[in-house]
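A.B. asks: This is the structure I have questions about; it appears just below.
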Amino acid sequence: MLSPSVAVFHKTCKIISQNKSISLLYKSTSALPLSECDWSFVWQHSFKATAVTGDSLDSDSQVLLNFKSYLESWNPTERGKYNEWDTEKQEVCQWPGITCTPEGSRVTGISLRGSTISGPIFGNFSALTQLTFLDLSSNTIGGSIPDDLSRCHRLKHLNLSHNIIGGELSLSGLSNLEVLDLSVNKISGDVHSTFPSICNSLVVANLSTNNFSGRIDDIFNECRYLKYVDLRYNGFSGGIWAGFRRLVKFSVSGNRLSGNISAFMFRGKCNLQVLDLSGNGFVGEFPGQVSNCQNLNVLDLWGNNFRGNIPAELGSISSIRGLHLGNNMFSRDIPETLLNLSNLVFLGLSRNNFGGDVQEIFGRFTQVKYLVLYGNSYVGGIYSSNILTLPNLSRLDLSYNNFSGRLPSEISQNLTFLILAYNNFSGDIPREYGNMPGLQALDLSFNRLTGSIPASFGKLTSLLWLMLANNSLSGEIPREIGNCSSLLWLNVANNQLSGGLYPELTNMGSNPTPTFEVNRQSEDYIVAGSGECLVMKRWIPAEFPPFIFGLESLTKRSCRSLWDHVREGKCIFPVCPPGSTVGPLDVSGYLQLSGNKMSGEVPANISQMKKLSMLHLGFNEFEGKLPIEIGQLPLVFLNLTRNKFSGQIPQEIGNIYNLQNLDLSYNNFSGNFPTSLNDLNEMSKFNISYNPFIHGVIPSRGQLATFGKDSFLGNPLLQLPSFFNQPGNNNSSSGERDNGREEEEDDESAIDMLAFCWSTVSFYVVALIGTLVLIYFDCPWCRCFHGIFEKQVVLKSFLISCWIFLIKEKA
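Start counting the sequence shown at 1; every next residue gets the next number (the UniProt record's numbering).
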């Protein structure tokens, strides 16, 4: 917990950082290269620690202790392994995360990966004059990269990845750097101020997932030892760097690069193992001279504007495991030479608008495990091509085509993903689909299927997704589905299903861990880039919480990593908004049964579905009392609209603290309105309209008062707050209260500013007296501090402003 005075300093820092004129004035007059808010730290700690530099282990330990104090000031509660740094308990070279020279005379490395560090980067690493290794990755470090870091001239390894660092890149002083990893941050601007200055020894350059811009066609020309370059998901533009053939890995996916890939780029020795050009604007024919890269494992050209024939020369690269050629304009003539690729595992040719029948050649890729052909306007050939019986096939995606007729029943039993959605298939679902023991996803949605859901699906214990929405299926959901212990995501919306939500069905998804574990052990990294965004948008209901965030994330640059997280059962769905005190769920499952003819009561043992975050039973004929056990579910979304539920709304729903969306409208609920719903502070959507037998008083304060009267229509026995009838409160009743909050914030800002100014005046007087005393003793440190104090012109200007502010307040 920050003290009030410290909190004021931090708030004022924020004000200054947002005021460009003040920030620029400070930067132009500052005697030291401090960031906008570093000066507050100097004020708080200038009498606690001194700048240390030297050539001994003792001086190194003092720098580390200063570093520890700095981290503790920014991380007052959660602290990483640096919390154990103590000279009285251990030698410096035995501290967690610290490495030294073999003889133990100097500190050479700091590794604080994943140590819950926040705040700006420490500004005195250059005092560790033998530092060669610095890893601060996987924290929440912000601010910009300080100039001090560029003075760590011996540094060979710098990893600041997976933080929230912004600003522009300037590391031109690191001429001995071999590994640079700045991935997954918010750094922006051009990189020419750093490249080629640091190219002398550089081997690895990972700048992926940032906001860099500018051209890259010449920045690596002087990097003689460079082997790995990852520039994915930035805003680089212009032409490509022509020297990429001498690298081992080159990835520029998700940028704005354009132009042709010419034949001369592959002349001479080629060391490439991975070439990823996906998600750009390259045009023309892709050159056959790529065959000069005989070590190539992955070629990813997805999402460009390549046209013409697929190079037949690719068939000579026997090492290729993954070919991502989708979302281009290649000719439908597939070269026979590709059949020579004996190690080919992944073949993706989606969205090339081939049309006609599936090419016969695809049925001869007997070694392929992943075949992705969605979005090609195919109309036939699904049987004649023999793709359904490929012996090693694990994933088959034929969605978004124009196939018709009955679903194929003779199909490979080795499939883990079968995706036939968005076609014109009709008739029954073959019971043979229940004989694929490793099947993890079956998507038959948006077809014209009829008949019932096969009971044989109950044998699919590895099934994670069952997507049958928007067909004309009838009958009951088989009780055997409850045996699908991995089934977390079931969507059968908009069919003609009847029957009930039987107690046996609540066993589904009870133990998905074995399936997730199989996926975690998979090493087939080349499966990425096969249309994960398209699949995830369809399988993750992005219009509902906790999945709302997904639509934005999936249209940007994280589809591949998110897809892996979903398959491995890792938490990717924030079930509560930022800053909430409610904890996240490990996995967010859903049960989507809306738009059918289902009836009966909701069973009490629905409470055992502990991973369920979304329950949509709307537009059915469910009836009876809602069980109080529903309050034990970790729900974020609960929609029961347009059913026949009756009885009192359970007070226990008020215990679902994650709940963000609650719709109970158009039912027959009765009794007292449950005031416990007012405790659902995360709730952003609420509707209880047209339950005419509910009575009681809606609180005029709390969460329910933030909703307009449209949330309570058709309930004549409910007593609503008076302000609901005021103009402008039809859809939201929060307008006036928002203005009130703004006024309160203005008052708080004035109080904070007043407190800050008094503390500033007091500090300045004490500091002035202290400085005079220090100058009297004439020590080197004293003179250094006097120099800093004397040159901070902006502080003097700010002091005058404070005096004026206080005089006005007094008046």
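Just so you know, even glycine gets a beta-carbon here, dropped at the ideal spot from N, CA and C.
All values derive from a computational prediction rather than experimental measurement.
Using the C-alpha atoms, what's the distance from glutamine 273 back to serine 318?
C.D. replies: Using only the alpha carbons, I get a separation of about 12 Å.
A.B. asks: Whole angstroms is fine: what's the gap from histidine 157's alpha carbon to threonine 108's?
C.D. replies: Near 11 Å, if we compare the C-alpha coordinates of threonine 108 and histidine 157.
A.B. asks: Checking 8 Å against the spacing of the C-beta atoms, do residue 815 and valine 92 come in under that value?
C.D. replies: Coverage of the chain is limited to positions 1 through 811, which leaves residue 815 absent and any answer about it impossible.
A.B. asks: Report the rounded CA-to-CA distance for leucine 247 versus threonine 140, giving the unit in angstroms.
C.D. replies: Leucine 247 and threonine 140: Cα-Cα distance of roughly 32 Å.
A.B. asks: What does alanine 263 pair with, by DSSP beta-bridge criteria?
C.D. replies: BP columns for alanine 263 are empty, so no partner.
A.B. asks: Confirm, please, whether the CB-CB distance from phenylalanine 619 to valine 602 is below 8 Å.
C.D. replies: Result no, Cβ atoms of valine 602 and phenylalanine 619 do not sit closer than 8 Å.
A.B. asks: In the DSSP assignment, what are the bridge partners of residue 815?
C.D. replies: As displayed, the chain neither begins before 1 nor continues past 811, which places residue 815 out of reach and without an answer.
A.B. asks: My guess is that asparagine 352 and tyrosine 374 are in contact by the Cβ rule of under 8 Å, so how many angstroms apart are they, rounded?
C.D. replies: That pair is no contact at about 11 Å.
A.B. asks: Assuming serine 394 contacts threonine 416 under a Cβ cut-off of 8 Å, what Cβ separation, rounded to an integer in Å, is found between them?
C.D. replies: Indeed, because the Cβ distance is near 5 Å, the residues count as touching under 8 Å.
A.B. asks: In or out: serine 486 buried (at least 16 other Cβ within 10 Å) or exposed?
C.D. replies: By the 10 Å Cβ count, serine 486 comes out buried.
A.B. asks: Considering only DSSP beta bridges, list what tryptophan 489 is partnered with.
C.D. replies: BP columns for tryptophan 489 point to Trp465, Tyr590.
A.B. asks: What residues in its chain sit with their C-beta under 7 Å from that of alanine 49, if we drop five residues either side in the sequence?
C.D. replies: For alanine 49, the predicted model reports a pLDDT of 37, less than 50, meaning its position is unreliable; a value from the coordinates is still stated below. Answer for alanine 49: Asn66, Ser69, listed in chain order.
A.B. asks: Taking the continuous beta strand (DSSP E) assigned at asparagine 519, which residues delimit it?
C.D. replies: Asparagine 519 -> not in any beta strand (DSSP E); alpha helix (DSSP H) instead, spanning 513-520.
A.B. asks: On the three-state DSSP scale, how would you describe asparagine 668?
C.D. replies: Of the three classes helix, strand and coil, the one that applies to asparagine 668 here is strand, per DSSP.
A.B. asks: Can you tell me the Cα-Cα spacing of leucine 390 and serine 412, whole angstroms?
C.D. replies: Going from the Cα of leucine 390 to the Cα of serine 412 covers about 7 Å.
A.B. asks: Just the Cα atoms here: how many angstroms apart are leucine 612 and glycine 654?
C.D. replies: The alpha-carbon atoms of leucine 612 and glycine 654 are separated by roughly 17 Å.
A.B. asks: My guess is that proline 454 and isoleucine 429 are in contact by the Cβ rule of under 8 Å, so how many angstroms apart are they, rounded?
C.D. replies: With a Cβ gap of about 6 Å, proline 454 and isoleucine 429 count as contacting.
A.B. asks: Could you tell me whether the segment 223-237 touches the segment 196-213, using the rule of 3 or more Cβ pairs below 8 Å?
C.D. replies: At 8 Å Cβ cutoff, the stretches touch.
A.B. asks: According to the neighbour-count rule (16 or more other Cβ atoms, all chains shown, within 10 Å of its Cβ), is threonine 194 buried or exposed?
C.D. replies: The residue is buried, with at least 16 neighbouring Cβ atoms inside 10 Å.
A.B. asks: Does arginine 567 come out as helix, strand or coil in the three-state DSSP assignment?
C.D. replies: Three-state DSSP puts arginine 567 in a helix.
A.B. asks: Beta carbon of glycine 475, beta carbon of glutamate 504: below 8 Å?
C.D. replies: In this structure, glutamate 504 does not lie closer than 8 Å to glycine 475 by Cβ.
A.B. asks: Within 10 angstroms of the Cβ of methionine 598, are there 16 or more other Cβ atoms? Answer buried if so, exposed if not.
C.D. replies: Looking at its Cβ environment, which holds 16 or more other Cβ atoms inside 10 Å, methionine 598 is buried.
A.B. asks: If you draw a straight line from the C-alpha of asparagine 292 to the C-alpha of glutamate 285, how long is it?
C.D. replies: Answer to the nearest angstrom: the Cα atoms are 17 Å apart.
A.B. asks: Going by Cα to Cα distance, which pick from His695, Ser722, Asp230 is closest to glycine 714?
C.D. replies: The shortest Cα separation from glycine 714 among His695, Ser722, Asp230 belongs to His695.
A.B. asks: Where does phenylalanine 264 land, buried or exposed, given buried means 16+ other C-beta within 10 angstroms?
C.D. replies: When all chains shown are included, phenylalanine 264 counts as exposed.
A.B. asks: Can you give me the start and stop residues for the alpha helix (DSSP H) that valine 63 sits inside?
C.D. replies: First-last of the alpha helix (DSSP H) with valine 63: 57-74.
A.B. asks: Can you tell me which of the three DSSP states arginine 351 falls into?
C.D. replies: Coil.
A.B. asks: Does the contact criterion of 3 or more C-beta pairs under 8 Å hold for the segment 220-232 versus the segment 199-209?
C.D. replies: Cβ pair count under 8 Å is three or more, so yes.
A.B. asks: With 16 other CB atoms within 10 Å as the buried threshold, where does serine 665 fall?
C.D. replies: Serine 665 comes out buried.
A.B. asks: Would you mind giving the Cβ-Cβ distance between asparagine 260 and valine 290, rounded to the nearest angstrom? I have them listed as a contact below 8 Å.
C.D. replies: Incorrect: roughly 13 Å between the Cβ atoms, too far for contact.
A.B. asks: Is the beta carbon of glycine 315 closer than 8 Å to that of leucine 338?
C.D. replies: Contact: yes.
A.B. asks: Applying the 10 Å Cβ sphere with the 16-neighbour rule, what's the burial state of leucine 296?
C.D. replies: Classification of leucine 296: buried, given that the 10 Å Cβ count is 16 or more.
A.B. asks: When burial is assigned at 16 or more other CB atoms within 10 Å of the CB, is tyrosine 82 buried or exposed?
C.D. replies: Under this definition tyrosine 82 is a buried residue.
A.B. asks: What are the start and end residues of the beta strand (DSSP E) that includes aspartate 135?
C.D. replies: From DSSP, the beta strand (DSSP E) with aspartate 135 extends over 133-135.
A.B. asks: According to DSSP, simplified to helix, strand and coil, what is arginine 406?
C.D. replies: Residue state, collapsed to three classes: strand.
A.B. asks: Hey, quick one: how far does the beta strand (DSSP E) through methionine 614 stretch, first residue to last?
C.D. replies: Methionine 614 -> beta strand (DSSP E) spans 612-616.
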